[in-house]
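Enquirer: Would you mind keeping the following structure in view while I ask a few things?
Numbering (the UniProt record's numbering), first residue to last: 1 to 119.
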């Protein structure tokens, strides 16, 4: 049995901060989503994963959007949908990404309430 983390308020505070930060760092979105599932009863394992995300952020602080004066600022959008691909909850997901040049500027992932079936 996993030991509960003794300070769940701290865990919730840190996850909340990461939720805010993921608006400018799409690379942590999925990890923050998973960490958010355990805010009600975090364990030491969950806290360890949270610290790993924080270490990743510390090591990648210089990453950001880069717009070269030589590249064109064409916009393009990508959309993808999955069919019950999550092994945890067997729900479908939709993803949207919009790029300006080679930089990702808008993204969204959404769980679908209904599982689409093809005919």
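We treat Cβ as the ideally placed atom computed from N, Cα and C, and that holds for glycine.
Small disclaimer: the values here were computed from a predicted structure and weren't measured.
1. Measure the CB-CB distance between residue 73 and residue 51 and report whether it falls below 7 angstroms.
2. Would you check if the distance between the CB atom of residue 42 and the CB atom of residue 67 is smaller than 7 angstroms?
3. Going by C-alpha to C-alpha distance, which of 3, 58, 111 and 63 sits closest to residue 44?
4. Can you give me the start and stop residues for the beta strand (DSSP E) that residue 81 sits inside?
5. Would the beta-carbon of residue 12 fall within 7 angstroms of that of residue 39?
6. For the alpha helix (DSSP H) that contains residue 114, what are its first and last residues?
7. Whose C-beta lies closer than 6 angstroms to the C-beta of residue 126 among residues of the same chain, with five residues either side of it excluded?
8. Relative to the C-alpha of residue 108, which residue among 53, 79, 48 and 20 is closest?
9. Count the other CB atoms within 10 Å of the CB of residue 28; is the residue buried (16 or more) or exposed (fewer)?
10. Can you tell me whether residue 3 is helix, strand or coil according to DSSP?
11. Do residue 53 and residue 36 have their beta-carbon atoms positioned less than 7 angstroms apart in this structure?
Expert: Short version:
1. For the purposes of this step, residue 73 is taken as the residue at position 73 of the chain shown. For the purposes of this step, residue 51 is taken as the residue at position 51 of the chain shown. Not a contact, by the Cβ cut-off of 7 angstroms.
2. Walking along the chain shown from the start, residue 42 turns up at place 42. Walking along the chain shown from the start, residue 67 turns up at place 67. Contact flag unset, no.
3. The sequence position of residue 44 within the chain shown is 44, counting from 1. When each option's Cα is compared against that of residue 44, the closest is 3.
4. The residue you call residue 81 lines up with position 81 of the chain shown. Residue range 75-81 is occupied by the beta strand (DSSP E) that includes residue 81.
5. Here residue 12 is taken as the residue at index 12 of the chain shown, counted from 1. Here residue 39 is taken as the residue at index 39 of the chain shown, counted from 1. The answer is yes: Cβ separation under 7 angstroms.
6. Position 114 of the chain shown holds residue 114. For residue 114, there is no enclosing alpha helix (DSSP H), as DSSP marks it with neither H nor E.
7. In the structure displayed, the chain extends from 1 to 119; residue 126 sits before or after that span and is not available.
8. Residue numbering aside, residue 108 sits at position 108 when the chain shown is read from its first letter. Cα-wise, what sits closest to residue 108 is 79.
9. In the chain shown, counting from the first residue as 1, residue 28 sits at position 28. By the 10 Å Cβ count, residue 28 comes out buried.
10. Working through the chain shown from its first residue, we reach residue 3 at position 3. Reduced to three states, the DSSP call for residue 3 is coil.
11. For the purposes of this step, residue 36 is taken as the residue at position 36 of the chain shown. For the purposes of this step, residue 53 is taken as the residue at position 53 of the chain shown. No. Outside cutoff.
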